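Data first, discussion second: the structure below is written as structure tokens.
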Amino acid sequence: MSPQSSAGNRARVGPLAGAGSTAPVLDVDALLDDRDTGIIVCCGSGGVGKTTTSAALALRAAERGRKVVVLTIDPARRLAQSMGIEELDNTPRPVPDVAGEGSLDAMMLDMKRTFDEVVESQASPEKAQQILTNPFYVALSSSFAGTQEYMAMEKLGQIHAAARADDTYDLIVVDTPPSRSALDFLDAPERLSRFLDGRFIRLLLAPAKGPAKLMTAGVGLVTNAMTRILGAQVLRDMQTFVAAFDTLFGGFRQRAQKTFELLQADGTAFLVVAAPEPDALREAAYFVERLSEDRMPLAGLVVNRATAPPEGSLSADEAMAAYERLSRREDGADDSPVSRTAGLLRLHADRSRLVERERGLRTRFAAAHPQVPTAVVPALAGDVHDLDGLRDVGHLLSGG
Amino acid sequence: MPTPTRSGAQLHVVTGKGGTGKTTVAAALALALASRGQDVLLCEVEGRQGIARLFDVDPLPYAERRIAVGTGNGEKQGALYGLHIDPESALLEYLAMYYKLGRAGKALDRFGVIEFATTLAPGVRDVLLTGKVYEAAKPGRRGKDVRQYDAVVLDAPPTGRIAQFLGVNSELAGLAKVGPIKSQADQVMKLFRSQRTRIHLVTVLEEMPVQETADGIEELRDHGFPLGSVVVNLVRPQDLGADDLAALTSGDVEPAAVATDLKAAGIEADDALVEGLLAEARDHAVRRALEDSQRELVAQLDVPTVELPRLPGGADLGGLYELAGSLCEQGMA
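Quick note, the sequences are listed as chains P and C, same order.
Take 1 as the starting number for the first sequence in UniProt numbering and just add one per residue.
Take 1 as the starting number for the second sequence in UniProt numbering and just add one per residue.
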């Protein structure tokens, strides 16, 4: 793009700037081979093949000589099996039959287990017990939305520290949680900090810590309101939980902040994964903008499940016109060879339109984000069942 | 079916794996019900403004806005309203409605309680979202800008989270032993488990989504939630019959015959074009075979099934009416 583009276009590249141009191609192999790449984070909305992409990248990197661990969040059982592992759990397990000098371990985030371990490692046994049995802790750590994001950050920080200490891995591939909003992953440390510094937590702690200076007319109003809504028992459980948890919070926040900084560092590469659908690409656009806002290193966009362009130059309109003519000639004569040819034409028209639509969506994305290198991966006919399947995906990812 | 309005609206919960078109199906179902003459409220709870995009209207506020009308088919035309439920607004409304907490509500906000409750406190977010859906569907609604609906359609969280989302109130009722929260939570659970509720699962004919649908159905059944239909979405075109597909796969289709047909249709076909068409069709046959094997699995789920086609142009407003018509024909509305 010309540096002298029209005035007023400073903050964002105008939609016309990239019209007609295509996005630069994402060189996946160069990214995997670069020894400075220490962490790859795959993010994007649900259902775009994020987990499969993460696993395929990890396998390809391993077979190109890297020592890799892939941290998945919620893999289908079949994907674990495709890596030769019956059940994935919170501990990295070696993936058998990886070719070459490198290695691949795989694990799945167990958020309750991770949370429990943090509590156990940070608190005295007596206090840990008190926390682990509190009903609020049980609810918070096992079933509620939001915890997964914190624990994914926590686990990433743990693995990274361990890998650095004993040189087990030189590349960590992370699959992010299927968040309602994909941005939750990045918000986790910030939200935690805001919460911990917030007045509410001090308010809850105040009764447990005796007469505090905070006690104002407002506090009485708030606690009264909460007692009315929640009932006294709930409020007491909550206070006990927060008081017991108080000492741990500092450590949580510090580590979350460190992981956030780790994500900003040069050794990290974010890959935004999408499908050629308006919703998925809109989420991807949000993500690209958000990453640059937070100064996170974006490596590129992966568009999965693309429809392969049809052969030949017959346009959708020509095919449909021919289909209409053939159908008119037939007049109800089913199962004749003519109707088969009509079906072929209709199929071709359908596919051509799909390809055109997907190309249009990608062009619009590239127009708004011309600097984002992109890899387009054609849709596979079936699901991935084994390492060879993952190898095929890796091959396609790197433009093969 | 009971008279919906007197006993409250019929509640349709639409869930599905990410990428299967859950929001599109929820919108099509709402439109289909409106076309049957019902007044329908379509709610979303994930902050994506997907409804506004589909219906091409301004982003929806936390208020019930009229967004479309049903086709009517010569009978009464139902109206379709949209509602975007965000937890902050739901909490403030809840406090104002049930506790008359004008000043205290503001104090809660000042102390960061609203933010705590809606982003961090265990499950409160889901409690607030489901609580508002319950309120919209209950009989005898009164107030400014609210109306009694015949049906409420919820574009719900994805299949992996749906049982937890709908069940959050029973967990809450477990935490709070007594008090107003407990009784409200109990009532919400009663609605979700009643005959007034139907939970529909959207899938596509691929392995992972079908597996997730099967898991979701099992989980929902375990929790005693009433199932509606499985909506198979984005089905590939069916222009070629089983015989054609078999012939294509085994290579029994004569290229010369195809070329003759094409010529008759006004297309000068060279070998490359014919071979290209046949290659596309063989690829299609492989995918159709995979679809068929997944369709068999869906049939074993023992839940009524409807199918919706993949629209080559995508689901715009016109496409939505087309899908709604298909749902009506198949008896889902």
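Glycine included, every Cβ here is placed at the ideal spot set by N, Cα and C.
Keep in mind it's a predicted model, so treat the numbers as computed, not measured.
Query: For chain C, check one thing: does any of its Cβ atoms lie closer than 9 Å to the Cβ of P:Glu311?; Result: yes
Query: Buried or exposed: which applies to C:Ala333, given that a residue is buried once 16 or more other Cβ atoms fall within 10 Å of its Cβ?; Result: buried
Query: Under 9 Å, Cβ to Cβ, is there at least one residue of chain C near P:Gly210?; Result: Bear in mind that the predicted position of P:Gly210 carries a pLDDT of just 46, short of 50, making it too unreliable to give a figure here.
Query: As a quick exercise: from P:Glu356, P:Pro370 and P:Ala275, pick the residue whose alpha carbon is nearest that of P:Val377.; Result: P:Ala275
Query: Count the C-beta pairs between the segment 292-304 of chain C and the segment 191-211 of chain C that are closer than 8 Å, then say yes if the count reaches three, no if not.; Result: yes
Query: For P:Val119, count the other beta carbons within 10 Å of its own beta carbon; 16 or more makes it buried, fewer makes it exposed. Which is it?; Result: buried
Query: Determine the DSSP secondary structure at C:Arg310, reduced to helix, strand or coil.; Result: coil
Query: Judging by CA-CA distance, which residue of P:Val48, P:Leu171, P:Lys127 and P:Gly157 is the nearest neighbour of P:Arg64?; Result: P:Leu171
Query: Mind pulling the chain P residues with CB within less than 7 Å of C:Arg287?; Result: Ala381
Query: Pick out the complete alpha helix (DSSP H) segments inside the segment 3-89 of chain C, 4 residues or longer, and give them in chain order.; Result: 4-7, 22-35 and 50-55
Query: Within this structure, are the beta carbons of P:Asn90 and P:Thr72 separated by less than 9 Å?; Result: no
Query: Going by beta carbon distance, what residues of the same chain come within less than 6 Å of C:Leu33, once the five residues before and after it are set aside?; Result: Val40, Ala151 and Ala333
Query: For P:Ser124, count neighbouring Cβ atoms within 10 angstroms of its own Cβ and tell me buried if that reaches 16, exposed if not.; Result: exposed
Query: Once DSSP output is grouped into helix, strand and coil, what is the label at P:Met215?; Result: Since pLDDT at P:Met215 reaches only 47, below the 50 mark, its modelled position is unreliable, and no value is offered.
Query: Please determine if the segment 43-59 of chain P and the segment 309-320 of chain P are in contact, where contact requires at least 3 C-beta pairs separated by less than 8 Å.; Result: no
Query: Rounded to a whole number of angstroms, what is the C-alpha to C-alpha distance between P:Ala212 and P:Ala243?; Result: At P:Ala212 the pLDDT is 45, less than 50, meaning the model places this residue with poor confidence; the figure from the coordinates comes in the next sentence. Using only the alpha carbons, I get a separation of about 14 Å.
Query: For residue 407 of chain P, does the three-state DSSP call read helix, strand or coil?; Result: The requested residue 407 of chain P is not part of the displayed model; chain P covers only 1 to 400.
Query: Under a Cβ-count criterion, where at least 16 other Cβ atoms within 10 Å of its own Cβ denotes burial, should P:Pro24 be classed as buried or exposed?; Result: exposed
Query: If you follow the alpha helix (DSSP H) that P:Ala285 is in, where does it begin and where does it stop?; Result: Pro278 to Glu293
Query: Residues of chain C with a CB under 8 Å from the CB of P:Gly46: which are they?; Result: Lys17, Gly18, Gly19 and Pro158
Query: Taking DSSP as the reference, what is the three-state secondary structure of P:Asp105?; Result: strand
Query: Taking the CB atoms as reference points, tell me whether P:Glu149 and P:Asp116 lie closer together than 9 Å.; Result: no
Query: Keeping to the same chain, check which residues put their C-beta closer than 7 Å to that of C:Thr249; ignore five residues upstream and five downstream.; Result: Arg282 and Ala285
Query: Quick check: does the Cβ of C:Leu278 come within less than 8 Å of any heavy atom belonging to the ligand COA?; Result: With respect to the ligand COA, the structure shown offers nothing to examine, as it has no ligands at all.
Query: Quick check on C:Ser229: does DSSP put it in helix, strand or coil?; Result: strand
Query: Under 8 Å by Cβ, that's how I've got P:Arg305 and P:Ala379 pegged, so tell me the actual separation to the nearest angstrom.; Result: 4 Å
Query: Assign residue 402 of chain P to one of three DSSP states: helix, strand, or coil.; Result: Absent from the model: residue 402 of chain P. The displayed extent of chain P is 1 to 400, so no value can be given.
Query: Does C:Val258 get closer than 9 Å to chain P when you measure Cβ to Cβ?; Result: yes
Query: In chain order, what residues of the same chain lie with their CB nearer than 6 Å to the CB of P:Val68, ignoring the 5 residues before and after it?; Result: Ala58, Ala61, Ala62, Leu104 and Leu171
Query: Mind checking if P:His348 is an interface residue toward chain C, Cβ cutoff 9 Å exclusive?; Result: yes
Query: For C:Pro226 and C:Gln195, which I take to be in contact (beta-carbon distance under 8 Å), what is that distance rounded to the nearest angstrom?; Result: 7 Å
Query: Taking Cβ-Cβ distances shorter than 7 Å, what residues in chain P pair up with C:Asp244?; Result: Arg340 and Gly343
Query: Starting from C:Ala281, find everything on chain D with Cβ-Cβ shorter than 7 Å and list it in chain order.; Result: No chain D is part of this structure, whose protein chains are labelled P and C.
Query: So what does DSSP say about P:Pro3, is it helix, strand or coil?; Result: Because the pLDDT at P:Pro3 is just 39, under 50, the model does not fix this residue reliably, and the value given afterwards should be weighed accordingly. Correct three-state label for P:Pro3: coil.
Query: For C:Lys267, would you say it is in contact with chain P, using Cβ-to-Cβ distances shorter than 9 Å as the test?; Result: Here the sequence assigns Ile to residue 267 of chain C, which means Lys is not the residue at that position. Judged by the 9 Å Cβ criterion, C:Ile267 is in contact with chain P.
Query: Could you tell me which of P:Leu347, P:Arg295, P:Ala161 and P:Leu132 sits nearest to P:Leu248, measuring between CA atoms?; Result: P:Leu132
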